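This report concerns only the one structure given below.
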Amino acid sequence: MEVGYLEAFSKIWNHCWIEWEERGPRKTFLTDFINDVSSYGFISAKDILLCLVLGVVFTILRYFLTTAVFKPFFSWCQFIEKDQKKCPESAFKLLFYSSAYGYCCYILFKYNYLQDPSRNCWEGWYKGMPVPQDIYMLYLVEAGFYFHSIYATLFMDQWRRDSILMILHHILANCLILFSFAIRYHRIGILVLFLHDINDVSLEFTKLCLGFKSRGGKYHRIPDILSTTGFLTFAVLWFYCRLYLYPIKVLYTCGCGCRPYVPLTAPFYFFFNGMLWTLFFMNLWWFQFIVWLIIRIVCGKSPGVEDTREIPKKIRERW
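If you want it as structure tokens, here you go:
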């Protein structure tokens with residue numbers, strides 16, 4: 214059953230208090246948590262190893278594509294020096310996110326998790342339930358990519374104002390991915406990936422269009438139109454998917470709507486919901502960059518679409 218936006222927050226709050234009073238943390242919280250992980254966690258050393266190996270594979274693949282494909286291509290396209298350095302990052306991320314998002318859409322609609330997620334994502338849940346092979350593959354790939362992303366943010370990507378928060382985000386994302394897989398909350402995890410990955414597709418596409426806009430040190434109209442369109446699409450999708458649908462489809466489902474379909478003994482209510490809410494607050498914080506850029510453009514303080522997270526060159530040179 215669908216709920217309104219404000220109604221969802223109200224019901225989550227009320228149900229959270231009920232959960233706290235009836236099944237809230239006790240003095241033996243840490244011991245109970247460890248026991249629950251041991252009892253409900255179904256993830257093998259092989260699964261973790263595969264994720265780590267995929268993280269290494271993604272890193273090697275990115276180094277190879279950057280050296281052999283992206284840099285020569287952007288040089289041939291006469292990108293300015295600044296864009297030649299940062300656009301390979303966007304090209305690799307666009308390649309991954311567009312592929313992962315397409316596969317995620319296939320899984321989401323195959324299992325119909327988007328419609329009535331309270332029922333479809335939770336009905337029939339039980340401890341140690343099997344994970345379908347197609348979902349298992351997506352979880353492995355996504356976890357491997359976020360292991361790579363932690364390394365890449367530290368050693369490969371251009372350092373930005375939000376890089377520290379980005380590292381924390383990657384750690385949180387991987388905790389959610391691995392935890393939801395181990396506890397068999399994988400169905401709602403697919404919905405979380407669906408609502409987030411589409412924004413990264415539009416973001417990296419927009420960044421590449423900005424590179425084409427100024428190639429050869431000249432202005433190019435079509436890439437300018439595409440970058441503006443891409444940014445507006447990115448802004449709308451961020452608000453609609455991460456700030457509107459995410460609370461209704463995910464936060465409400467996990468915080469309140471799932472209770473008729475899962476046993477009261479289902480573990481980690483506060484821990485799992487705490488991670489989901491942390492992700493929501495991160496999305497709110499990043500949305501300020503989008504809002505401020507729109508304000509700067511409307512007020513004429515910015516010539517067009519730009520990445521407001523970037524650190525000016527003069528400041529970087531002091532480091």
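For the sequence shown, my numbering begins at 214 and goes up steadily by one. Think of the CB as a built atom: it goes at the ideal place given N, C-alpha and C, for glycine as much as any other residue. In this text the structure is predicted, and so the values were computed from the model without any measurement.
Closest by C-alpha distance to residue i, when choosing among the options
i      : options                           : result
Ser415 : Val266, Ser223, Ser311 and Tyr316 : Ser311
Phe360 : Met379, Phe481 and Arg397         : Met379
Tyr352 : Glu232, Leu458 and Val405         : Val405
Asp375 : Val250, Met495 and Ala395         : Met495
Leu274 : Glu220, Thr446 and Phe309         : Phe309
Ile225 : Pro460, Pro301 and Pro345         : Pro460
His383 : Ile401, Ile363 and Asp370         : Ile363
Val196 : Thr442, Lys284, Ile438 and Phe484 : This structure cannot speak to residue 196, because the chain is shown only from 214 to 532.
Met369 : Asp260, Thr442, Pro301 and Leu497 : Pro301
Val270 : Asp413, Phe358, Ile390 and Thr280 : Phe358
Gln371 : Leu243, Leu458 and Lys295         : Lys295
Cβ-based burial, residue i [other Cβ within 10 Å; buried from 16]
i      : result
Gly517 : exposed
Asn248 : exposed
Ala365 : buried
Arg239 : exposed
Val463 : buried
Gly429 : exposed
Gln501 : exposed
Phe277 : exposed
Leu423 : buried
Cys334 : buried
Gly315 : exposed
Lys299 : buried
Ser331 : buried
Gly217 : exposed
Phe322 : exposed
Phe444 : buried
Asn387 : buried
Lys306 : buried
Short Cβ contact (9 Å threshold) for residue i with residue j
i      : j      : result
Glu417 : Ser303 : yes
Lys426 : Ser440 : yes
Leu456 : Ile411 : no
Phe407 : Cys317 : yes
Cys229 : Gly468 : yes
Met488 : Leu421 : no
Tyr474 : Arg236 : no
Pro480 : Ser252 : yes
Ala356 : Leu267 : yes
Ile403 : Tyr324 : yes
Phe447 : Thr466 : no
Arg434 : Tyr326 : no
Ile390 : Asp347 : no
Run of the alpha helix (DSSP H) containing residue i, from where it starts to where it stops
i      : result
Asn496 : Tyr482 to Val511
Asp310 : Looking at the sequence itself, residue 310 is Tyr, so the reference to Asp does not match. Taken as a continuous stretch (DSSP letters only), the alpha helix (DSSP H) holding Tyr310 covers Glu294 to Tyr324.
Val354 : Gln346 to Phe368
Tyr457 : Premise fails: Tyr457 is in no alpha helix (DSSP H) and is neither H nor E.
Lys224 : Tyr218 to Arg236
Ala281 : That residue, Ala281, is in no alpha helix (DSSP H); it is neither H nor E in DSSP.
Lys426 : His399 to Lys426
Pro436 : Arg434 to Leu450
Ile377 : Ser376 to Ala395
Leu243 : Phe242 to Tyr253
Ser331 : Pro330 to Asn333
Between the CA atoms of residue j and residue i - distance to the nearest angstrom
i      : j      : result
Val282 : Gln297 : 12 Å
Asp329 : Leu381 : 31 Å
Ile507 : Gln291 : 29 Å
Arg373 : Ile503 : 15 Å
Ile396 : Gly254 : 5 Å
Arg531 : Trp499 : Any answer about Arg531 is weak, because its pLDDT of 48 lies below 50 and its placement is not dependable; what the coordinates show is given next. The straight-line gap from Cα to Cα measures roughly 26 Å.
Gly337 : Ser257 : 23 Å
Leu265 : Pro476 : 33 Å
Phe287 : Phe452 : 32 Å
Met342 : Leu367 : 37 Å
Ile231 : Asp245 : 20 Å
Ile528 : Arg509 : Residue placement at Ile528 is poorly supported in this model, since its pLDDT is 49, which falls under 50; the coordinates are not used for a value here.
Ala313 : Asp260 : 19 Å
Leu263 : Gly513 : 50 Å
Ala221 : Trp505 : 28 Å
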